[in-house]
Each structure stands twice: as C-alpha cells, then as structure tokens.
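K.L.:
Sharing a structure below in structure tokens format, with a few things to ask.
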Amino acid sequence: MGSTIFSKIINKEIPADIVYESNDILAFRDINPQAPVHILIIPKIEIPKISDVNSAEHGIIISKMIDVANELAIKENISDDGFRLVFNCGKNGGQEVYHLHLHLLGGRQMKWPPG
Ligand code: AMP
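This is the structure we're talking about:
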C-alpha cells in the first residue's frame, strides 16, 4: 500500500527526521527547508490533497494535524513570534507530493504575497 514517498516514510521504508508520531499522524522535518523551522505534518491515511477532504472522519484528521502543528510550534519556540501553516493544493498551488501535508514554517519573518 502507498503511492508516494510519504507512504514510504510512514512505513519506515525510507528515513526521515520524525518529530511527532501517533496512530494517525506523522510529522517530520522537510528535506529542503524554506525556513529555520520547516516541518511537514501528514495523516497516515492516504488523502491526496486538501480538496479531497470530504467527510467528518477527514475533518477530525485535519483538526488533529492543526493541534500537532500548534504543539510543535511551542516545542520549536516559534509560537510566540508566529509562524505559517500552508496546504499547497494541485498544480497551481505548487503541490509536488500527492499525500496531504501541512507545512509548518517559522523562525523568520514571512512575506506576503507568497511567490
Ligand atoms: P509540496 O510542494 O507542498 O507538495 O511539498 C512537498 C514537500 O516535501 C517539499 O517541501 C519537499 O522538500 C518535501 N519532501 C520531499 N521529499 C521529502 C523527504 N523524503 N523527506 C522530507 N521532506 C520531503
């Protein structure tokens, strides 16, 4: 089972710098960080992208992902100064890996609008 590189990380077939794990959520450091703190928070179930979220079960997963992001922001000392949470969705959203993931970015001043 599993069609993306993130499934291989979930199954421990390839290594990752894992910072959080529960029975349904995994979080690990992005291999190509765009900020001093750049963590990806993913569900263990396969949801390709945020526009595929369509059920109460999915809603619970999204809520848990945000809880994990907030906990990790505190742990990484970026909560007080603020941080950014991002879901890239599809081609124009800049999504590269089609396994739902929430980017937690912090430790520097973010710009707006994003590129
Ligand atoms: P996105 O463009 O939103 O799909 O983001 C995919 C992210 O996954 C990028 O920031 C990549 O740097 C990151 N990434 C890809 N492969 C790995 C990996 N093996 N371990 C950690 N992060 C990865």
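Per this note's numbering, residue -10 is the first one in the sequence shown, and the count goes up by one each step. By construction, the Cβ of each residue, glycine as well, lies at the ideal position given by its N, Cα and C atoms. It should be emphasised that the depicted structure is a prediction, and the values quoted were computed from it without experimental measurement.
Under 8 Å: do the region 10 to 20 and the region 69 to 84 share three or more Cβ pairs, one atom per stretch?
P.N.:
no
K.L.:
Hey, would you say L61 sits closer than 9 Å to I30, going by beta carbons?
P.N.:
Closer than 9 Å, so yes.
K.L.:
So, do the region 47 to 59 and the region -9 to 1 have three or more beta carbon pairs nearer to each other than 8 Å?
P.N.:
no
K.L.:
Any chance you could list the beta strand (DSSP E) runs of at least 3 consecutive residues sitting entirely within the region 6 to 40, in chain order?
P.N.:
7 to 10, 14 to 18, 26 to 32
K.L.:
Check whether the Cβ of I14 lies closer than 8 Å to any heavy atom of the ligand AMP, and answer yes or no.
P.N.:
no
K.L.:
Buried or exposed for I63, please, with buried defined as at least 16 other CB atoms from any protein chain shown within 10 angstroms of its CB.
P.N.:
Here I63 is exposed. Its C-beta has fewer than 16 other C-beta atoms within 10 Å.
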